[in-house]
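The opening residue of the sequence shown carries number 6 in the numbering used here; numbering runs sequentially from there. For each residue, glycine too, the CB sits at the ideal point set by N, CA and C. Below: one structure, written as C-alpha cells.
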Amino acid sequence: MFQITGLPRSDFAHLFSKSDAELAELNAKRVVAQSSPGYPCRISLADADAGDTLILTNYDHLEGDTPYASRHAVYVRERAEDYTPDLGEVPDVLKRRLLSVRGFDRDQMIIDADVVEGVDLAGTLERIFSDDAVQEIHIHNAKQGCFAARAVRASAGPA
Numbered sequence: 006m007f008q009i010t011g012l013p014r015s016d017f018a019h020l021f022s023k024s025d026a027e028l029a030e031l032n033a034k035r036v037v038a039q040s041s042p043g044y045p046c047r048i049s050l051a052d053a054d055a056g057d058t059l060i061l062t063n064y065d066h067l068e069g070d071t072p073y074a075s076r077h078a079v080y081v082r083e084r085a086e087d088y089t090p091d092l093g094e095v096p097d098v099l100k101r102r103l104l105s106v107r108g109f110d111r112d113q114m115i116i117d118a119d120v121v122e123g124v125d126l127a128g129t130l131e132r133i134f135s136d137d138a139v140q141e142i143h144i145h146n147a148k149q150g151c152f153a154a155r156a157v158r159a160s161a162g163p164a
C-alpha cells in the first residue's frame with residue numbers, strides 16, 4: 006500500500022506576503038491561473054481554479070549527498086490547505102497527466118523508474134514498492150519535469 010503526500014503549506018507560507026519584486030529576488034513569481042486544469046497546486050494536490058493566485062517557485066524535493074539531488078518548479082496556491090489523500094488514493098491532479106516516477110532507496114539512489122499515464126499510477130506505485138529496497142517514490146509531470154508529489158510505503162494498519 007502507498008501514501009501520496011502533498012507539500013506542507015508551511016514550506017511556502019513566507020512567500021505569500023512578499024511583493025512581486027521580493028519574489029523575483031527568490032526566483033519565484035506570482036501568477037494567476039488562466040485555466041483549469043493547468044496549474045497543479047502541490048500543497049492541495051488539486052488543479053487551481055481559473056482566477057486563483059499561485060506562487061511558482063523552486064522546491065528542493067531531493068536534498069542530501071546524492072547524485073540525484075534535485076529541485077524543480079512547483080505551483081502553490083495562496084489559499085491552499087495541507088492535504089493528504091487516503092491510503093492508496095491517487096488524486097485527480099495526477100490521474101489526468103503523463104507522469105515520470107522514480108523509486109529511491111535509503112541512499113537516495115534511483116533503483117526503479119517508469120513513465121506512466123496518471124490513471125495507471127496506482128499499479129505502478131504498487132509494483133515499484135514491491136521491491137523492499139524502495140523507500141520512497143518521486144512523481145513528476147513527465148512533459149514539464151515539474152515535481153508533482155511524493156509517495157511513501159504505507160500500511161493500512163492491523164487487520
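Within 10 angstroms of the Cβ of residue i, are there 16 or more other Cβ atoms? Answer buried if so, exposed if not.
i: residue 37; result: exposed
i: residue 27; result: exposed
i: residue 108; result: buried
i: residue 71; result: exposed
i: residue 149; result: exposed
So, for residue i: in the same chain, excluding its five sequence neighbours on each side, which residues have a beta-carbon less than 7 angstroms away from its beta-carbon?
i: residue 138; result: 110 and 116
i: residue 147; result: 103, 104, 105 and 120
i: residue 92; result: 6, 8, 159 and 161
What distance in whole Å lies between the Cβ atoms of residue j and residue i, which are believed to be in contact at a cut-off of 8 angstroms?
i: residue 143; j: residue 66; result: 6 angstroms
i: residue 123; j: residue 100; result: 4 angstroms
i: residue 153; j: residue 130; result: 13 angstroms between Cβ atoms; not a contact.
i: residue 69; j: residue 113; result: 5 angstroms
Give me, in chain order, the residues of the same chain whose beta-carbon lies closer than 6 angstroms to that of residue i; leave out the 5 immediate sequence neighbours on both sides.
i: residue 88; result: 11, 49 and 50
i: residue 163; result: Annotation note: pLDDT 45 at residue 163 (below 50); position unreliable, coordinate value reported separately. Cβ within range, chain order: n/a, list empty.
i: residue 83; result: 21 and 58
Looking at residue j and residue i, is the spacing between their C-beta atoms short of 9 angstroms?
i: residue 85; j: residue 14; result: yes
i: residue 55; j: residue 46; result: no
i: residue 59; j: residue 95; result: no
i: residue 57; j: residue 44; result: yes
i: residue 42; j: residue 81; result: no
i: residue 17; j: residue 62; result: yes
Would you say residue i lies against chain D (beta-carbon separation less than 9 angstroms)?
i: residue 58; result: Among the chains in the structure shown there is no chain D, since it carries only a single protein chain.
Between which two residues does the beta strand (DSSP E) containing residue i stretch?
i: residue 76; result: 75 to 82
If I follow the unbroken alpha helix (DSSP H) through residue i, where does it start and stop?
i: residue 100; result: 97 to 100
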